[in-house]
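The numbering used here puts the first residue of the sequence shown at 123, with every later residue one more than the last.
Step one of this worksheet: look at the structure below.
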Amino acid sequence: MASSSSSSTRQYSYDVFPSFSGQDVRRTFLSHFLEGLKSKGIKTFIDNGIMRSDYINSELERAIKESRIAVVILSKNYASSSWCLNELQSIMECRDTLGQTVMTIFYDVDPSDVIKQTGDFGKAFEETCHEKAEEQKQRWRQAFTQVAVIPGEHSLSWASEAEMISKIVMDVSNELPSTDFDQLVGIEAHVAKMISMIRLDSDEVKIVGIWGPAGIGKATIARALYNQISSNFELKFYREPVWKTGSNRQGLHHELLSGILDHRDMNIPDLQETQSRLVHQRVLLFLDNVSSEELQYLLNLSMYLNFGSKVVLMIGDQYNSIGWNHIGIDQIYKVAYPSSEEALQIFSYAAFGQSSPPRGYLEHAIEVANLIAPFPLGLKILGSALRGKSKEEWPMAPAKFKTYLDYTEQLYSRTMVSEKAIRFSYDGLSKKHKSLFHSLRDSRYWGKNAKYLLARNDWDVEKGIQTLADLALISLSGEGEIMMHYSVQLMSTMISWPSEALTLARSDSTSLIPFYLQH
């Protein structure tokens with residue numbers, strides 16, 4: 123098994139890679155399991171849209187290698203698919219060579235049948251092995267022998283599948299690094315202060331806001347807080363920042379029904395019906411990018427919340443001049459800039475995958491970090507752009523970055539330092555990656571289908587998207603949606619259409635951004 127130190131410096135795209143037989147569990151156990159992982163903010167690889175064949179493709183191989191945990195769901199028909207068998211073989215190889223954590227679930231199947239390939243499970247395996255080379259059969263048998271002895275949950279031992287899923291989700295959550303929120307330094311202190319502010323142990327209904335400059339980490343703090351406290355509430359809903367136009371925008375009323383009440387196909391026409399469903403429940407709402415109309419709806423709705431329900435809003439500058447008490451927010455948590463020591467840690471995590479620069483890099487890393495501190499977004503982007511550079515290249519990094527005179531200072535001074543880092547990272551992209559970056563800014567390429575819409579570029583779009591994510595120019599949600607920070611979107615627009623960027627910046631309103639936003 124790989125050492126813990128090597129595992130800690132690896133770059134991960136996913137928290138969990140599930141391996142399963144679709145015909146056994148996709149519409150039943152798996153759907154509830156994935157929903158449980160999502161509720162905890164656990165980023166899971168979803169295989170929707172991948173054409174299955176006898177051999178797993180490069181996208182799947184990469185997803186397995188870039189996942190912290192592989193969850194193998196062994197069911198009756200798992201061995202009937204050569205795809206599943208090759209997937210399992212790859213997972214067990216990653217366990218041996220990369221130290222990947224593997225967790226097992228025996229779903230309506232006896233572990234002894236898995237390890238010995240007997241019973242119905244064994245019959246399915248033998249049919250799959252028909253006309254296969256003996257060497258391949260032995261590799262598959264060895265994979266089963268290894269996975270079957272890993273302690274896991276047995277569905278036949280549980281009276282309630284819901285309780286079993288809850289236990290497995292908790293086990294997965296506990297296996298993940300407790301501070302793995304994009305290595306946001308000081309996350310524990312932020313969360314502790316927020317918990318104190320919302321008075322989690324009180325039956326008082328509270329509406330609180332998280333406020334700070336763009337790029338300081340409001341959404342990351344909110345997600346960490348949500349993951350820690352959501353289990354205390356009966357109904358909960360976390361809305362990522364999202365932009366939709368015209369008739370496609372369903373409104374907060376519909377989103378609450380879809381997200382918190384789970385009535386996706388039911389038309390409940392009025393506010394009163396929603397209120398009657400929430401009034402007897404302990405409710406937790408986290409909302410980003412709230413328009414003035416939605417805020418008024420939310421304030422009306424909050425009058426009917428009880429039992430210590432809490433509402434957390436991520437607030438932009440558009441409400442700053444009004445006064446928080448005038449818009450119904452009880453308290454505001456103002457996110458402070460990191461100290462110089464914390465800024466270096468943020469930069470170091472992005473550049474080196476660890477909390478401090480390695481020996482031989484410290485002097486130049488401090489110099490570069492000081493040029494952009496204390497802006498967390500800029501530190502992360504600049505550090506990501508310098509990741510993998512040799513010792514010979516690092517001495518030139520400060521001087522090179524200093525050449526990026528901020529021609530946006532008069533345009534949008536609030537985030538000018540972060541925009542230097544964004545432009546520095548952008549200029550280092552290849553022509554194809556620049557084209558992809560600008561395409562992703564276009565509203566036509568929203569969401570998890572972006573890679574298919576961009577496939578006409580005739581190159582590995584999936585890999586290109588991951589490269590942009592590795593550079594922190596975009597981020598990927600657990601369900602595969604592509605999100606772009608406001609400052610990154612503004613810089614992208616500025617490069618293409620400076621006059622439009624000027625209008626966008628002066629508006630000082632995130633409601634104008636045609637994309638998934640991440641503050």
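Just so you know, even glycine gets a beta-carbon here, dropped at the ideal spot from N, CA and C.
Give me the Cα-Cα distance between Ser279 and Val231, rounded to the nearest whole angstrom. 11 Å
Sequence-distant residues of its chain with Cβ nearer than 8 Å to Glu326 (five each side left out): Gly430
So for Thr226, helix, strand or coil by DSSP? strand
Could you pull out every residue in the same chain whose Cβ sits closer than 7 Å to the Cβ of Leu499, ignoring the five residues on either side in sequence? Gly337, Ser540, His607 and Ser609
Can you say whether Glu531 is buried or exposed, counting buried as having 16 or more other CB atoms within 10 angstroms of its CB? Here the model assigns Glu531 a pLDDT of 46, short of 50, so the residue's position is not dependable, and the following value carries that caveat. Exposed, since its Cβ has fewer than 16 Cβ neighbours within 10 Å.
Taking C-beta to C-beta, are Ile272 and Ile227 nearer than 8 Å? No.
For Ile596, I'd like the list of residues in its chain whose CB is within less than 6 Å of its CB, leaving aside the five on either flank, ordered along the chain. Leu590, Ile604 and Met606
Presumed contact (8 Å Cβ cut-off) between Asp169 and Tyr229, rounded CB distance: The C-beta separation of Asp169 from Tyr229 comes to about 18 Å, leaving the pair out of contact by the 8 Å criterion.
Here's the rule: buried if 16 or more other CB atoms are within 10 angstroms of the residue's CB, otherwise exposed. What is Gln260? exposed
Identify whether Ser141 lies in helix, strand or coil by the three-state DSSP scheme. strand
Under 8 Å by Cβ, that's how I've got Gln403 and Met319 pegged, so tell me the actual separation to the nearest angstrom. Contact between Gln403 and Met319 does not hold, since their C-beta atoms are separated by about 22 Å, which reaches or exceeds 8 Å.
Just to confirm the assignment: which complete beta strand (DSSP E) runs, minimum length 3, are found wholly within the segment 435-505? 453-456
Measuring straight from C-alpha to C-alpha, what distance separates Ser197 and Ser143? 7 Å
Buried or exposed for Lys328, going by 16 or more other Cβ atoms inside 10 Å? buried
In the DSSP assignment, what residue or residues form a beta bridge with Gly331? Leu435 and Ile454
Do Ala255 and Ala201 have their beta-carbon atoms positioned less than 8 Å apart in this structure? no
DSSP three-state assignment for Thr525, whether helix, strand or coil: coil
For Asp410, which residues does DSSP report across the bridge? For Asp410, which the question treats as bridged, DSSP gives the partners Met436.
Can you grab the Cα-Cα spacing for the pair Leu220 / Lys187, in whole Å? 8 Å
Just grab the DSSP bridge partners of Ile195 for me. Ile227
Is the separation between the beta-carbon of Thr223 and that of Arg184 shorter than 8 Å? no
For the alpha helix (DSSP H) containing Lys245, name the first residue and the last one. Annotation for Lys245: the continuous alpha helix (DSSP H) segment containing it runs Gly241 to Cys251.
Straight-line Cα distance separating Ala495 from His560: 27 Å
When we look at the beta-carbon of Ala281 and count the other beta-carbons within 10 Å, is it buried (16 or more) or exposed? exposed
Under the DSSP definition of a beta bridge, which residues are partnered with Leu598? Ile604
With DSSP run on the structure shown, which of helix, strand or coil describes Glu275? strand
With a threshold of 7 Å on Cβ separation, who are the neighbours of Phe243 within its own chain once the five nearest residues in sequence on each side are excluded? Closer than 7 Å at Cβ, skipping near neighbours: Lys198, Ala201, Val231, Asp235 and Val236.
State the DSSP-derived secondary structure class of Tyr426, mapped to helix, strand or coil. coil
Cβ separation of Leu558 and Val583, assumed to be a contact under 8 Å, to the nearest whole Å: Going by Cβ atoms, the distance from Leu558 to Val583 rounds to 7 Å, so yes, they are a contact pair.
Pull the bridge partners of Ser609 from the DSSP assignment, please. Answer is none; Ser609 lacks a bridge partner.
Lys289 burial status per 10 Å Cβ neighbour count (16 or more: buried): exposed
Would DSSP call Ser135 helix, strand or coil? coil
Can you look up Ser189 in the DSSP assignment and give me helix, strand or coil? In the three-state reduction of the DSSP assignment, Ser189 falls in the strand class, which pools E and B.
For Leu593, the three-state DSSP class (helix, strand or coil): coil
With a threshold of 16 other CB atoms inside 10 Å of the CB of Gly649, please say whether the residue is buried or exposed. In the structure displayed, the chain extends from 123 to 641; residue 649 sits before or after that span and is not available.
To the nearest angstrom, report how far apart His486 and Glu285 are at their CA atoms. Taking the straight line from one Cα to the other gives about 52 Å.
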